[in-house]
Each structure stands twice: as C-alpha cells, then as structure tokens.
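Going by the numbering used here, 674 is the number at position 317 of the sequence shown; the sequence numbering is gapless. Backbone N, C-alpha and C define an ideal beta-carbon position, used for all residues, glycine too. To start, the structure under review is shown below, and the notes come after it.
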Amino acid sequence: MTPGSPHLNASSPSGATVAGSPQEAVAVPSGVDGPVSGKPNAPVADASPHNWVDWLAPAFMRPYLRLARLDRPIGAWLLLFPCWWGVSLASVADRRPHPDLWFMFVFMAGAFLMRGSGCAFNDYVDRDIDAQVSRTASRPIPSGQVTPNQALAFSMVLACIAFLALIQFNLFTIQLGIASLVLVAIYPFLKRYTNWPQVGLGLAFNWGALLGWSAVKGSVGYPALLLYAGAVCWTIGYDTIYAHQDKKDDESIGLKSTAIRFGDNSPTWIGGFYLAAVLLWLWAGFLAGAHLIFVTAVVLVSLQLSWQVVTLNIHDPRNCLRRFRSNRDVGIALFLGLVTDMGLSWFAGLN
C-alpha cells in the first residue's frame, strides 16, 4: 500500500539507525528486563517507557511489534497524512462534500502496515550498524530478540498484507504504488553515500500524496504533484531536525545526513524548506479549487512551522525531538483544513 520510509524508527520517520546517544535513553518500566537482554519483554531504549507494547502486548508478540514500531506510532501518522491529504485534495477538486471514508480507512491500514514492513527491512539492512550504537543496540535484531531472517520474513509478510490494501484501488493507483517500492528499497543505503538522504526519505515517505489523489481521480494531476513536492520539502525539514539528535553517532560511524551537511546553518535551511512547502501547498490548493478555509489552515501551519524554526536548538536533543513530533499537528491541521473547506463549500453551495 502506501510505501513508507523503510527505516522509520523510534519517534521519527527519519529513523536514522544510529540516532541518539547514551544520555537519551529513556527509563525502563519497572518489572521489565533491560534493553539488550535478548528476551521478548526487553524494551527498546528509544521508545516511551509507557508505550502499550511493553505494558500490554503478549510477550511473544513484542519483538515483532517493536520491529513494526507500533510502540512508537508517530512515524505511521506522518506517513499517513500525505495519503489523506491526497484523497482530500482530489475530493476538493471534484467538489465532493467529504472524502471517501473507505479510502481513508484503507490508507490508514496500508500506512501502518508499510511503515512496519519498511522498519523491519531497514533494521535488517542496518543490523550491524545498530549493534554499535547504544540507543539502537536494544532493537530486536541486535539485542537477539529476533534473528535477521525472521525480521526479513516479517517485513515481507507485512508488505504482502499491505498489497491487499493497495488492490482496493484502481489499476493506475496499484501500478503507482508498486513503483514506489524502488524508492523504499533504495532509501536505507543513501545515508552511506550522500549528505542528502532526507531527500530520498521525502520522496519515498510522501508517495501517498500521489496515491491518494490517483485513488480518487485515476491519474496524477498538477495539484497532486505540487502537494507531493511540498510534502517532500516538509519532510526534509522535519527530518533534518530529527537528525540533529544523531549527528555525533552518524559522524563517528561514517554516515551522512542533512543535519551534518547544514551544520549550524540548519535553521536557515529548514526554514527555507518549510517556506517552500507552504507555498507549494497553497499553489496545490489554488489549482484544486480550495477556498479561504484551506488558506487559513495553511497559514496556521506556517505559524507552527515558524515556531519550530525560531525555537529550535540543534544542540539540544530533547528540543529537537519535541519539534519533530509536533509535525503531527501540521498533518492534522492541513487535513482538517481540506475536509472543512470541502464540507462548508458544499453546504454553502460554492461547488
């Protein structure tokens, strides 16, 4: 279904596998074994100590739920919102009163499934790197909770289930979804060779914007391409923020990122990418026939993005993590802006 970044980790879709430092490890719930125990109930260091997987899931399921990052759902939401935006923007263009609820449900299922599949695949690819970093050493493969082959098989099973979601759509959307697997497969290796892996993340992670539009329209139009381009810029920005948590470990192991590339100039670069995202989203809405409510939503989004940049401290991991996580609010605001715009426009007879 919607192809997510194959590495989505702890709190970020960026999931740089060498992210974090020993000082950033979270507390382990009482009564639960330490991170690198190789036991099914050993929590992952970069997950919340109160996540439902560690507290409620059956012990035999926990390693696989952790592989799928179901103990850290922020990445799945950031993968899902572009899908919902695409469906909603196409519905605005078609002058519908609301987006197709079945499509919304199928995209949600597909996003969570593909995020899980991609994360398991990324952990398989980066298992040797993860074992060298304190925060990622507690993940299921390096900690011995699952074998590499089990993780790879799990990834393939989730991808096959996600394909069942994809085939609910028209033929063009099915073909478009399959094409995205090229980006999904390539992405985990980019951080070894280029300072711009976040571009690859953005291209793969926001493919759902195109799928959402094509699911409704049966093709890809200019508004969808602009929505997608804006989402790519947005992802480059927020994943650069996230990557600043990881830059020391990345540099020590020889990995690359935009956080390292931009350095102290990161706020300026991030602000530029966020500005580009806002302008592209406004352009997409204009071409699709959106009205003032959508524009208002984008203005509110721009204020939130500005807050991220103005208050960002790239040397404070907690500061970076909070601003990264706040991008879920961006996704919600843009989605609600589209849905409200189409609903009130229909009610007012503007369609």
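Shown here for I627: same chain residues with a beta carbon closer than 6 Å to its own, the five before and five after excluded, namely G594, T597, V666 in chain order. If you check the CB distance, A641 and G587 come in under 8 Å. DSSP, reduced to helix, strand and coil, places K613 outside both helices and strands of the structure shown, so it counts as coil. Short of 7 Å from the beta carbon of V449, and not among the five residues preceding or following it, lie these beta carbons of its own chain, in chain order: A645, G646, A647, L695, D698, M699. With 16 or more other CB atoms across the displayed protein chains lying within 10 angstroms of its CB, M471 is buried. Counting the other Cβ atoms within 10 Å of the Cβ of Y599 gives 16 or more, which makes it buried. A straight line joining the alpha-carbon of I543 with that of H455 spans about 36 Å. Membership of I524 in any alpha helix (DSSP H) is not indicated, and neither H nor E is assigned to it by DSSP.
Here DSSP, grouped into helix, strand and coil, assigns W626 to helix. Counting only the Cα atoms, A522 lies some 11 Å from F469.
Rounded to whole angstroms, the Cβ separation of A633 and L691 is 15 Å, and the two are not in contact under 8 Å.
In the three-state DSSP reduction, K548 falls in the coil class, being neither helix nor strand. Ranked by Cα distance from Q502, the first of S445, R682, R484 is R484.
Every alpha helix (DSSP H) of 4 residues or more that sits fully in the segment 556-624 is shown, in chain order, as 564-574, 579-600, 604-610, 615-619.
In summary, S576 is exposed, with fewer than 16 beta-carbon neighbours lying within 10 Å of its beta-carbon over all protein chains present.
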